[in-house]
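Participant: Below: one structure in structure tokens.
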């Protein structure tokens, strides 16, 4: 099936243009569609850290291009092996956000390639790194389309779907993960309706998902996060689908804060709870959620909303950006290779990429 | 025990001053402590509707004074019975907010008194109505103190307590309901710590509860509503205590949106879930939560946060202000007459006021 979601195709989260990347600066949405040209690895780090570009897959893509931007002007007759420069830059970029595994995954690809090419002309290695970044970007688009199509197996006609945070075109190379499933269902005229959690503190639901769904004409209503339970009880919700920042080998899933609570509420109301995740978000080397680091962010994300002060200036705050949903609350994963059902430790393992 | 919480005693939600009421306008908190003098019943209606004064008990108090403000300048030689004027004004004030039962409860007291005094001099009836409003106000202060003290039975030493919305001095005549329990535990040096839900959309947790706890020196941390589940899992939470806007005869409880979800999360994590409620919030004439009307508020409460736009301008929104927590998720009620345990339909009934 050919997807035709023009506006979302037009507004891409990230593009490579000649010699630099252009992102839509998501901190300005939905007020302004402001595009930012980035020529330098330090600005890539800042854009990831400040959530100008966000969403696990999009971060991976930005970081891959960032590695190239970091090495492209290095001398081509260096005294030390070129791959150590690549490693140094990758270590730096990895510090921008600790939870999303795609960032580390993309950086690992870049390092591996540089190591394998050791001894070859540096100009050639640079060129290959740029090609690899572009191919990570293109692969992600294909993966997202496949997730969207595979997800149709779990979306009935007239489905009421609840989602959290933003997992759409803005978070990926194209279409998204959980939102890709929603887009594909809409295009197949399944007459769906979406409940959008606003997703405090940074409001990715209201600022980004509502904006994407408006642009693409998918029927939806926005709610505050605290309303999800009541909507499950009072209105019809047929399923919940969310994305993932990192999936452990046993299926425990790190995702935007609030996901764990939704999974408990889904269980209570007997609503299936799906996680849409590319293979690149599965961390096969992490056995369970206990070993996934949880990023804590600044207190002012809670004390302020944009420039609006919402709490006393010195109020103590706890601000974890992610939580871990234990695998036993997850009905199934939707990946580019199809639906993965329990037992996850066994069935996810089948998707482990071959070591090269 | 003598309570000594100076700042909260000083900042009263509502005071009667000579011939009018003075409220702290809660829509300006925590930025500004702005006091509003109200001389006229229409302004009382607006203040309740716009949440300048809020919290079920405080609304009841404001409405009682509002009735007096509505009748005090009426001619004292009317052709029709004076109590019909009182009824008309009470019907008007009742429309300001549909869910909180204290509003209706206070208005009923005013109407009953006017009816009983039919035939007496109108000036005398007016005077009695003002005295009744003052006594509703004073009674609430005593009730809140009693709830605070009775609640100590369920608060262990070193308790970590989660609360939602604002149920403190700002929401009542003094001390509050759920927050009164917290204040009393703090004064008894129980070494407690409070997790404060910010309580979207109107942020009564961050704007009001965090402000009250800061003023009174109670240790606390503010979180987004979506973090409550993760805090239950990751940090120690010993109990949850919330207020109530209306309790049905079987114990089903209408309270700020988000309460129902917290009750499910508490059950999942085996955390006791308490509702602090004065008898005046129990609606003995409503059998179950199904018959409690749920106020839906304006879409812009979700689309905007203060003046900050958070979603596309035309995003469809669902904005229920309350939800219903079914009685079977509630561990116990804390009332001015003590702790009420299940079976609630039987044990709450014992508190039904005698018909007069």
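Chains as they are written, first to last, in my numbering: chain U, 6 to 361; chain F, 6 to 361.
Note that beta-carbon positions come from the ideal geometry of N, C-alpha and C, so glycine has one too.
Since the structure is predicted, the reported quantities are computational estimates derived from the model, not experimental observations.
1. What does DSSP give as the partner residue(s) for residue 343 of chain F in the beta ladder?
2. Applying a beta-carbon distance threshold of less than 8 Å, which residues of chain U neighbour residue 184 of chain F?
3. Measuring only the C-alpha atoms, how far is residue 8 of chain U from residue 122 of chain U?
4. Is residue 106 of chain F close to chain U? Criterion is C-beta to C-beta, closer than 9 Å.
5. Could you tell me which residues DSSP pairs with residue 273 of chain U in its beta bridges?
6. When the Cα atoms are used, what is the spatial distance from residue 279 of chain F to residue 204 of chain U?
7. Looking at residue 153 of chain U and residue 198 of chain U, is the spacing between their C-beta atoms short of 9 Å?
8. Any idea if residue 340 of chain F is buried or exposed, counting beta-carbon neighbours within 10 angstroms, 16 or more meaning buried?
9. Starting from residue 212 of chain U, find everything on chain F with Cβ-Cβ shorter than 7 Å and list it in chain order.
10. Are residue 285 of chain U and residue 106 of chain U closer than 9 Å when you measure CB to CB?
11. Comparing C-alpha positions only, which one of U/194, U/148, U/165, U/42 sits nearest to residue 177 of chain U?
12. Please decide whether residue 202 of chain F counts as near chain U, where near means a Cβ-Cβ distance under 9 Å.
13. DSSP state of residue 154 of chain U, grouped into three classes?
14. Under 9 Å between C-beta atoms, does residue 263 of chain F make it to chain U?
15. Any idea which residues DSSP pairs residue 240 of chain F with across the strands?
16. Would you call residue 319 of chain U buried or exposed, if buried means 16 or more other Cβ atoms sit within 10 Å of its Cβ?
17. Please go through the same chain and pick out, in chain order, the residues whose beta-carbon is closer than 6 Å to the beta-carbon of residue 224 of chain F, but skip the five residues on each side of it.
18. Identify the continuous alpha helix (DSSP H) that holds residue 121 of chain F and give its terminal residues.
19. Suppose the cutoff is 6 Å on Cβ atoms and the five residues either side in sequence are ignored; what does the same chain contact list for residue 6 of chain U look like?
20. Determine, using beta-carbon pairs with one atom in the stretch 103–117 of chain U and one in the stretch 30–37 of chain U, whether at least three such pairs fall under 8 Å.
21. Quick check on residue 55 of chain F - is its C-beta less than 9 Å from some C-beta in chain U?
22. Quick check on residue 208 of chain U: does DSSP put it in helix, strand or coil?
23. Could you say which of U/325, U/346, U/53, U/170 lies nearest to residue 333 of chain U if we only look at CA atoms?
24. Examine the Cβ distances between the stretch 239–255 of chain U and the stretch 233–248 of chain F and report whether three or more of them are shorter than 8 Å.
25. Let's see if you can read the secondary structure: which residues bound the beta strand (DSSP E) around residue 279 of chain U?
26. Looking at chain F, is there any beta carbon in it that lies within less than 9 Å of the beta carbon of residue 18 of chain U?
27. When you compare the CB of residue 245 of chain F with every CB in chain U, is at least one pair closer than 9 Å?
28. Have a look at residue 97 of chain U and residue 130 of chain U and give me their C-alpha separation to the nearest angstrom.
29. Can you tell me which of the three DSSP states residue 303 of chain U falls into?
30. Grouping DSSP H, G and I as helix and E and B as strand, with all else coil, what is residue 309 of chain F?
31. I'd like to confirm the pairing. Which residues does DSSP put opposite residue 261 of chain F in its beta bridges?
32. Name the residue from F/46, F/312, F/211 whose alpha carbon lies nearest to the alpha carbon of residue 93 of chain F.
33. Have a look at residue 5 of chain F and residue 133 of chain U and give me their C-alpha separation to the nearest angstrom.
34. Chain C partners of residue 322 of chain F, CB-CB under 8 Å?
35. As a quick exercise: from F/146, F/315, F/207, pick the residue whose alpha carbon is nearest that of residue 211 of chain U.
36. Taking the beta carbon of residue 161 of chain F as the centre, do at least 16 other beta carbons fall within 10 Å, making it buried, or is it exposed?
Facilitator: According to the data block:
1. F/340
2. The premise fails here: residue 184 of chain F is roughly 16 Å from chain U at the closest Cβ pair, so nothing lies under 8 Å.
3. Below a pLDDT of 50, predicted positions are generally treated as unreliable, and residue 8 of chain U, at 49, falls in that range; the measurement from the model is reported next regardless. Those two C-alpha atoms are separated by around 38 Å.
4. no
5. None; residue 273 of chain U has no bridge partner.
6. 27 Å
7. no
8. buried
9. 315, 316
10. yes
11. U/148
12. yes
13. helix
14. yes
15. Per DSSP, none; premise fails for residue 240 of chain F.
16. exposed
17. 198
18. 106–121
19. Because the pLDDT at residue 6 of chain U is just 44, under 50, the model does not fix this residue reliably, and the value given afterwards should be weighed accordingly. Correct list: empty, nothing qualifies.
20. no
21. no
22. coil
23. U/346
24. no
25. 278–281
26. no
27. no
28. 20 Å
29. coil
30. strand
31. F/327
32. F/46
33. Outside the displayed range of chain F (6 to 361) lies residue 5 of chain F, so it cannot be described from this structure.
34. The structure shown contains no chain C; its protein chains are U and F.
35. F/315
36. exposed
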